[in-house]
């Protein structure tokens, strides 16, 4: 299966590397067609790894992960509109505004979310918010935080099922731990979890944690 | 020990009832000195239950719980300023704006929080945000969601320790499951969890759940 990964930062490279390791054919997309970090990633990742522009990666993927920095996501995705027509985009981003120091704030929240902005920008793409609630190394390896939960939100039930299937096969997330939160507006809650996550990072002393929803 | 509880809604009555059951001497405060719901609560709660205005309850309590509706909290607390001087106020509120339908939004978030507004309104009170992340019946009975976590945030370490002690003695929250999130600005994350909590309510099918932080 061919997958696209947009963004060459820690999240993008971690996801792309984990997908190649599982046998997927992955194109890593960046702003320029010949990004040094992407080229280096391709060189050490073997035959199933390639790189190109954001649009190249989006055209390549049956499903594409958006791992660009939140503040650049709309600009990165605009040229992918045709390539993503009718396809599933997994939006992993957070709307962190790093410009104002600690505690960081969000540049969109409450009555809107970044995932909703993306869905509006790409009306013919089936956007599914997922994996933005944990650190990159845990996104791709559920076994490190057993029986904890991840979430999907989006307007298309079939797309969410595809994403849950991919999260299971590629990263080990059991279906019962992929909680369907509803339509894309549920991304508000998922993105507004970030300020809590950041404080938990400080309180717990590591970013290597996740949450489990426990029914009483 | 004498405690004050401000607010006669579900949260206030649930907390006040649980505290009386544990032997605390509780005054339930409302807008008027002779609130029908508060009087009814006193009648069925025995000798350690009394009622009065918000200021009466705040004057009574060595520690006071703010369980008023978020949108009315500042108005309710303003007359309590003298009574709360130097004392600990446990702020259980959420900044839910119910006026705009579903999904509900927050009337303050991101770069501020209701707990911070309260702390600014009552500069000589030691405000500790706590228990706003779960439904009332679980706040007062940790045993129903074993090994899950609650959080405290506030500027005064001693006040947070007092609150953690009270949560342990009164409601069964083990010290290791009361996570200290830092200063009062951490309330932003705790209050911004609400939109996620509300969606989880829908996804899980009940409000009787809590989260556990699992380190990898």
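Residue numbers (the working numbering), protein chains in the order written: chain Y, 1 to 216; chain W, 1001 to 1216. Beta carbons: idealized from backbone N, C-alpha and C, even for Gly. Bear in mind that the values here come from a model prediction, so they are computed numbers and not experimental data.
Beta-ladder partner(s) of residue i, from DSSP
i	result
residue 53 of chain Y	Y:30
residue 1190 of chain W	Looking at the DSSP assignment, residue 1190 of chain W forms no beta bridge with any residue, so it has no partner.
residue 1106 of chain W	W:1096
residue 126 of chain Y	Y:88
residue 1153 of chain W	W:1129
residue 1169 of chain W	Residue 1169 of chain W pairs with nothing; no bridge assigned.
residue 950 of chain W	The first residue shown for chain W is 1001 and the last is 1216, placing residue 950 of chain W beyond what the model contains.
residue 1063 of chain W	W:1003 and W:1088
residue 179 of chain Y	Y:151
residue 1025 of chain W	W:1002
Top-ranked residue by Cα proximity to residue i, from the options
i	options	result
residue 196 of chain Y	Y:133, Y:37 and Y:148	Y:133
residue 1079 of chain W	W:1153, W:1117, W:1056 and W:1184	W:1056
residue 1179 of chain W	W:1109, W:1193, W:1188 and W:1164	W:1164
residue 1114 of chain W	W:1069, W:1085 and W:1151	W:1069
residue 1205 of chain W	Y:181, Y:210 and Y:208	Y:181
residue 1077 of chain W	W:1167, W:1123 and W:1198	W:1123
residue 1047 of chain W	W:1090, W:1021, W:1062 and W:1095	W:1021
residue 59 of chain Y	Y:4, Y:15 and Y:215	Y:4
residue 1126 of chain W	W:1145, W:1010 and W:1160	W:1160
residue 222 of chain Y	Y:89, Y:166, Y:194 and Y:148	Here chain Y covers residues 1 to 216 and nothing more, so residue 222 of chain Y does not appear.
residue 211 of chain Y	W:1061, W:1071, W:1198 and W:1149	W:1149
residue 1031 of chain W	W:1199, W:1074 and W:1001	W:1074
residue 1066 of chain W	W:1108, W:1009, W:1105 and W:1050	W:1009
residue 222 of chain Y	W:1006, W:1198, W:1117 and W:1214	This structure cannot speak to residue 222 of chain Y, because chain Y is shown only from 1 to 216.
residue 168 of chain Y	Y:193, Y:139, Y:95 and Y:191	Y:139
residue 1116 of chain W	W:1105, W:1130, W:1082 and W:1103	W:1130
residue 61 of chain Y	Y:45, Y:105 and Y:166	Y:166
residue 45 of chain Y	Y:63, Y:72, Y:71 and Y:15	Y:15
residue 1023 of chain W	W:1107, W:1050, W:1063 and W:1001	W:1001
residue 1064 of chain W	W:1136, W:1106, W:1019 and W:1208	W:1019
residue 1049 of chain W	W:1033, W:1035 and W:1028	W:1028
residue 112 of chain Y	Y:17, Y:216 and Y:183	Y:183
residue 1104 of chain W	W:1216, W:1202, W:1087 and W:1144	W:1202
residue 192 of chain Y	Y:34, Y:11, Y:84 and Y:94	Y:94
residue 158 of chain Y	Y:170, Y:128 and Y:147	Y:128
residue 208 of chain Y	Y:147, Y:143, Y:137 and Y:170	Y:137
residue 1146 of chain W	Y:216, Y:198 and Y:17	Y:216
residue 241 of chain Y	Y:92, Y:17, Y:7 and Y:81	Residue 241 of chain Y lies beyond the residue range present for chain Y, which begins at 1 and ends at 216; the question has no answer from this structure.
residue 162 of chain Y	Y:118, Y:87, Y:142 and Y:141	Y:87
residue 228 of chain Y	Y:91, Y:82, Y:83 and Y:84	Shown here, chain Y extends from 1 to 216; a query on residue 228 of chain Y therefore has no answer.
residue 72 of chain Y	Y:118, Y:43, Y:84 and Y:17	Y:118
residue 51 of chain Y	Y:143, Y:110 and Y:17	Y:17
residue 13 of chain Y	Y:135, Y:143 and Y:110	Y:135
8 Å Cβ cutoff, residue i in contact with chain B
i	result
residue 1171 of chain W	No chain B is part of this structure, whose protein chains are labelled Y and W.
- prompt: Does the stretch 30-39 of chain Y come close enough to the stretch 87-99 of chain Y to have 3 or more Cβ pairs within less than 8 Å?
  reply: no
- prompt: Should the stretch 47-56 of chain Y be called in touch with the stretch 160-176 of chain Y, which here means at least 3 C-beta pairs below 8 Å?
  reply: no
message: Residues of the stretch 103-133 of chain Y in Cβ contact with chain W at a cutoff of 8 Å, in chain order, please.
response: 103, 105, 106, 109, 110 and 111
message: Please list, in chain order, the residues of the stretch 199-216 of chain Y that have any C-beta partner in chain W closer than 7 Å.
response: 199, 200, 202, 203, 204, 206, 208, 209, 210, 211, 212, 213, 214, 215 and 216
field: Where the stretch 172-196 of chain Y meets chain W: residues whose CB sits under 7 Å from a CB there
entry: Answer in chain order: 179, 180, 181, 182, 185, 186, 188, 189, 190, 192, 193, 195 and 196.
- prompt: According to a CB-to-CB cut-off of less than 8 Å, which residues of the stretch 1005-1018 of chain W neighbour chain Y?
  reply: none
message: At a CB distance below 7 Å, what residues from the stretch 137-149 of chain Y approach chain W? Give them in sequence order.
response: Cβ contacts with chain W: 138, 144, 145 and 148.
- prompt: Quick one: any contact between the stretch 1143-1155 of chain W and the stretch 1183-1203 of chain W, if contact means 3 or more CB pairs under 8 Å?
  reply: yes
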